[in-house]
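Enquirer:
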Amino acid sequence: MVKVGDVVLAIRSKLGDMSSEKQRYSDAEIIDAVNSSLAHMSEELLCFRRTWLIPYKNNVNRYELPSDFLKLISVRYNDALVCDIESMEHREQDNYVTSGMSAALDGQTIHLFNMPQTDKTDVIKLYYNYYETVSDSRETLALPNTAKEPIVYYALGLIYENNVSSKGIEKSNRYKQLYMVEMPKLASRMRHNVQSKNIRSRHVKV
51 MVKVGDVVLA IRSKLGDMSS EKQRYSDAEI IDAVNSSLAH MSEELLCFRR TWLIPYKNNV
111 NRYELPSDFL KLISVRYNDA LVCDIESMEH REQDNYVTSG MSAALDGQTI HLFNMPQTDK
171 TDVIKLYYNY YETVSDSRET LALPNTAKEP IVYYALGLIY ENNVSSKGIE KSNRYKQLYM
231 VEMPKLASRM RHNVQSKNIR SRHVKV
């Protein structure tokens, strides 16, 4: 787990902005940079996942996606997987035919088709990758500790990018390069952790 407070502290340390009396950057400015770093990481790693319970109503087939939506993973009606998922552009083609439950994405909305009439016990869930964000330094990120450095590097790259001096641009480029070096390592570690977890889950002690 990565504590946001530790990330903010590391950024301040590298900026030389540790004095509480004469801070050049507010916590809000640093948190904004951290969120930009997390948005970039969310897209590269697709590591943040959550479930959204669609507020389904009979005869209503279009719903606005969550504001943090990044990429669809799956849709389930009760325990049944909705296998037929396409873009609305593809669905609207003349030769597109389907008779079972299906879904289609269109910008920031999802369309549901051929869903059974539901009652209060029925559940339609959307499982998706989302853009992670934080609002203050008291929060914790569900990431390995090794994710701290690339978050810090990308945020520093953005902060120094706003400094129009040649020294600021140089530092910005250096931290962005460090980010690019660390990201493949982090992605590899996270894939390995997922694979190891899956292997262990297949063997149950008796």
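In our numbering, the protein residues as written are 51 to 256. Even glycine gets a Cβ: it sits at the ideal position worked out from N, Cα and C. Computed from a predicted structure; not experimentally measured.
Measuring only the C-alpha atoms, how far is Asn213 from Leu65?
Expert: Distance between Asn213 and Leu65, taken at the CA atoms: about 12 Å.
Enquirer: With Tyr127 as the anchor, note down where its beta strand (DSSP E) starts and where it stops.
Expert: Here the beta strand (DSSP E) through Tyr127 covers 119 to 127.
Enquirer: Over the uninterrupted beta strand (DSSP E) stretch that includes Glu199, give me the two end residues.
Expert: Judged by DSSP secondary structure, Glu199 falls outside any beta strand (DSSP E) and instead within the alpha helix (DSSP H) spanning 198 to 211.
Enquirer: What do you get for Tyr177, buried or exposed, if any count of 16 or more other CB atoms within 10 angstroms of its CB means buried?
Expert: exposed
Enquirer: Contact criterion: CB-CB distance below 8 Å. Does Val57 meet it with respect to chain B?
Expert: No chain B is part of this structure, which consists of one protein chain only.
Enquirer: Can you say whether Pro200 is buried or exposed, counting buried as having 16 or more other CB atoms within 10 angstroms of its CB?
Expert: buried
Enquirer: Starting from the C-beta of Val58, find all residues in its chain whose C-beta is less than 6 Å away, skip the five residues before and the five after it, and write them out in chain order.
Expert: Ile80, Ser187
Enquirer: With a 10 Å radius around its C-beta and 16 neighbouring C-beta atoms as the bar for buried, classify Gly207 as buried or exposed.
Expert: Residue burial is scored here from C-beta neighbours: Gly207 has at least 16 other C-beta atoms within 10 angstroms and is therefore classed as buried.
Enquirer: Is it the case that the stretch 155 to 169 contacts the stretch 87 to 103, given that we only count it when at least three CB pairs across the two stretches are under 8 Å?
Expert: no
Enquirer: In chain order, what residues of the same chain lie with their CB nearer than 7 Å to the CB of Met68, ignoring the 5 residues before and after it?
Expert: Arg62
Enquirer: Less than 8 Å between the C-beta atoms of Lys175 and Ile104, yes or no?
Expert: yes
Enquirer: Quick one: residues in its chain with C-beta nearer than 7 Å to the C-beta of Asn248, no 5 flanking neighbours on either side, listed in chain order?
Expert: With a pLDDT of 42 at Asn248, under the threshold of 50, the modelled position of this residue cannot be trusted, and the question is left open.
Enquirer: Taking buried to mean at least 16 other C-beta atoms within 10 Å of its own C-beta, is Asn223 buried or exposed?
Expert: exposed
Enquirer: Where DSSP assigns a beta bridge to Ala130, which residues make up the other side?
Expert: Answer is Tyr127.
Enquirer: Please confirm if the stretch 119 to 135 is in contact with the stretch 231 to 238, defined as three or more CB-CB distances below 8 Å between the two stretches.
Expert: no
Enquirer: Which of the three DSSP states is assigned to Glu232 in this structure?
Expert: Residue state, collapsed to three classes: helix.
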